[in-house]
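Visitor: Dropping a structure here in structure tokens format, bear with me for questions.
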């Protein structure tokens, strides 16, 4: 296929990652965090297949979540603990600057950062679930 035949609706855009990270507000996640506050600490960069590409800056403990697709996390600054609930175990991993981690699809997980983290994520645009309470999993 020749380049000329690419649809005019397709937009190619590059991002200055460091500038975009600096533009994010830092969210201190707690039980009183509003969705507007959460949105200010997250920036959606675009779509990738059925997923969205975004970045976030936060400290604290996020709600539990799970996605219909794998989720990619790339740590740009700071560190974060990711807790994953698998069928027969609870797993916790600490991610540091310049690391990448893939959360398997369908598994409940949350993130915790005491000092703060800035990360890039690729996750499902649809079919996501969240829970403030510890989710029940079949054991």
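In my numbering, the protein residues as written are 4 to 142.
For glycine and all other residues, C-beta sits at the position ideal for the given N, C-alpha and C.
#1: Which runs of the alpha helix (DSSP H) at least 4 residues long sit entirely within the stretch 23-58? Give them in chain order.
#2: Quick one: is residue 125 buried, meaning 16 or more other Cβ sit within 10 Å of its Cβ, or exposed?
#3: Is it right to say residue 118 is buried, meaning 16 or more other beta carbons lie within 10 angstroms of its own, or is it exposed?
#4: Tell me residue 122's beta-bridge partners as DSSP assigns them.
#5: Which residues does DSSP list as the beta-bridge partners of residue 134?
#6: Ignore the nearest five residues each way along the sequence and tell me which others in residue 66's own chain have a CB closer than 7 Å to its CB.
#7: DSSP puts residue 72 in a beta bridge; with which residues?
#8: With burial defined as no fewer than 16 other Cβ atoms inside 10 Å of the residue's Cβ, what is the status of residue 72: buried or exposed?
#9: Taking the Cβ atom as the reference point for each residue, do residue 122 and residue 58 lie within a distance shorter than 8 Å?
#10: Could you pull the start and end residues of the beta strand (DSSP E) that residue 98 belongs to?
#11: Leaving out the 5 sequence neighbours to the left and right, which residues in its chain are closer than 6 Å to residue 94 when beta-carbon positions are compared?
#12: DSSP three-state label for residue 129, please.
#13: Just tell me which of 18, 81, 56 and 107 has its CA closest to the CA of residue 100.
#14: So the beta strand (DSSP E) residue 104 belongs to, where does it begin and stop?
Guide: This is what the structure gives:
#1: Segments of the alpha helix (DSSP H) lying fully in the stretch 23-58: 38-43.
#2: Translated into the one-based positions of the chain shown, residue 125 becomes position 122. When all chains shown are included, residue 125 counts as buried.
#3: Start at 1 with the first residue of the chain shown, and residue 118 comes out as number 115. Under the 10 Å beta carbon count, residue 118 is surrounded by fewer than 16 other beta carbons and is classified as exposed.
#4: Position 119 of the chain shown, counted from the start, is the residue given in the question as residue 122. Beta-bridge pairing links residue 122 to 59 and 78.
#5: Locating residue 134 in the chain shown gives position 131, counting from the first residue. Bridge partners of residue 134: 67.
#6: Residue 66 sits at position 63 when you count from the first residue of the chain shown. By the criterion of a C-beta distance shorter than 7 Å, residue 66 is surrounded in its chain by 113, 133, 134 and 135, once the five residues flanking it on both sides are discounted.
#7: For the purposes of this step, residue 72 is taken as the residue at position 69 of the chain shown. DSSP lists no partner for residue 72.
#8: Position 69 of the chain shown holds residue 72. With a threshold of 16 other beta carbon atoms within 10 Å, residue 72 meets it and is buried.
#9: Sequence index remark: in the chain shown, residue 122 carries index 119 (1-based). Sequence index remark: in the chain shown, residue 58 carries index 55 (1-based). The answer is yes: Cβ separation under 8 Å.
#10: Counting from 1 along the chain shown, the entry for residue 98 is found at position 95. Counting along the chain, the unbroken beta strand (DSSP E) around residue 98 starts and ends at 93-99.
#11: Counting from 1 along the chain shown, the entry for residue 94 is found at position 91. 87, listed in sequence order.
#12: Position 126 of the chain shown, counted from the first residue, corresponds to residue 129. Reduced to three states, the DSSP call for residue 129 is coil.
#13: As a first step, residue 100 must be located in the chain shown, where it is residue number 97. The shortest C-alpha separation from residue 100 is found at 81.
#14: Position 101 of the chain shown, counted from the start, is the residue given in the question as residue 104. Looking at the DSSP string, the run of the beta strand (DSSP E) that includes residue 104 is 103-106.
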